[in-house]
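Structure record follows, encoded as structure tokens.
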Amino acid sequence: MSDLVVIVYPTEEKAEEVRKRLFALQQEYLIKLGDAVIATKSPEGEVKLHQTVNTTAAGAVSGSLWGLLIGVLFLNPLLGAALGAAGGAVGGALTDIGINDEFMKKLAESIQPGSAALFVLIEEMTTDKVLAQIKDYGGTVLQTSFDETKEQALRNALASAATTPIPPAPQG
Numbered sequence: 107m108s109d110l111v112v113i114v115y116p117t118e119e120k121a122e123e124v125r126k127r128l129f130a131l132q133q134e135y136l137i138k139l140g141d142a143v144i145a146t147k148s149p150e151g152e153v154k155l156h157q158t159v160n161t162t163a164a165g166a167v168s169g170s171l172w173g174l175l176i177g178v179l180f181l182n183p184l185l186g187a188a189l190g191a192a193g194g195a196v197g198g199a200l201t202d203i204g205i206n207d208e209f210m211k212k213l214a215e216s217i218q219p220g221s222a223a224l225f226v227l228i229e230e231m232t233t234d235k236v237l238a239q240i241k242d243y244g245g246t247v248l249q250t251s252f253d254e255t256k257e258q259a260l261r262n263a264l265a266s267a268a269t270t271p272i273p274p275a276p277q278g
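Structural data, given as structure tokens:
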């Protein structure tokens, strides 16, 4: 069973830092992610999703390969590749993997313009080690599917970043 965590950060850059850190932790086998999407809200109120997987491009590549193969069989590989790429792109654009896009857009409408919400679908996690790695980034928990104990541990870890004083820059 996967868990969903949504954390709001003051900027898209901060959310991207955390997402990159989570990907690095995945390489260390401390977390297994099903999806990680950043939603931003423009000053005009428009919500934009920043996906890690471009399903349209992936569909176009896959479709062009299948189209090329079918085209070779019917002696027109270029036409087959072109039709396959077009069909694959359309299919990829209509595919929604991971977290539901409409759910993310609706929830992201509640964030302040200029801020970013990081949506993370967690399949497995070594909770204490992951929290230790992301706590310094801060953030505000918007929603989780964690049990109360895990959710409170997450909230406490992120809150500790807000109360930890930043050391002054060295003079020199």
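Take any residue in the sequence shown, note its place counting from 1, add 106, and you have its number in the working numbering.
Virtual Cβ for every residue (Gly too), placed ideally from N, Cα, C.
Near Val226, which residues of its chain fall below 7 Å by C-beta distance, leaving aside the five closest residues on each side in sequence?
-> Locating residue 226 in the sequence shown gives position 120, where the first residue counts as 1. Val111, Leu128, Leu139, Ala142, listed in sequence order.
Looking at the structure shown, is Thr158 part of a helix, part of a strand, or coil, going by DSSP?
-> As a working note, residue 158 is residue 52 in the sequence shown. Residue state, collapsed to three classes: coil.
Might you give, ordered along the chain, the residues of its own chain that have their beta carbon closer than 7 Å to the beta carbon of Ile217, omitting 5 neighbours on each side?
-> Taking the first residue of the sequence shown as 1, we reach residue 217 at position 111. Answer for Ile217: Val114, Lys147, Ala223, listed in chain order.
Own chain partners of Leu131 with C-beta closer than 7 Å, once the 5 adjacent residues on each side are dropped | The count along the sequence shown starts at 1 and reaches residue 131 at position 25. For Leu131, where only same-chain residues beyond five positions count, the Cβ hits under 7 Å are Ile137, Val236, Gln239.
Based on Cα-Cα distance, which residue from Ala265, Leu260, Thr158, His156 lies nearest to Thr232?
-> In the sequence shown, residue 232 corresponds to position 126, counting from 1. Considering only alpha carbons, the answer is Leu260.
Rounded C-alpha distance that separates Leu248 from Leu155 | Looking up residue 248 in the sequence shown gives position 142. Looking up residue 155 in the sequence shown gives position 49. So the alpha carbons of these two residues sit roughly 16 Å apart.
Pairwise C-alpha distance: Ala267 and Ala214 = The residue given as residue 214 occupies position 108 in the sequence shown. The residue given as residue 267 occupies position 161 in the sequence shown. So the two alpha carbons sit approximately 23 Å from each other.
Check whether Met210 and Ala145 have beta carbons under 8 Å apart = The residue given as residue 210 occupies position 104 in the sequence shown. The residue given as residue 145 occupies position 39 in the sequence shown. The answer is yes: Cβ separation under 8 Å.
Gln239: first and last residue of the uninterrupted alpha helix (DSSP H) it sits in = Along the sequence shown, one-based indexing puts residue 239 at 133. 233-240 is the span of the alpha helix (DSSP H), which, as asked, contains Gln239.
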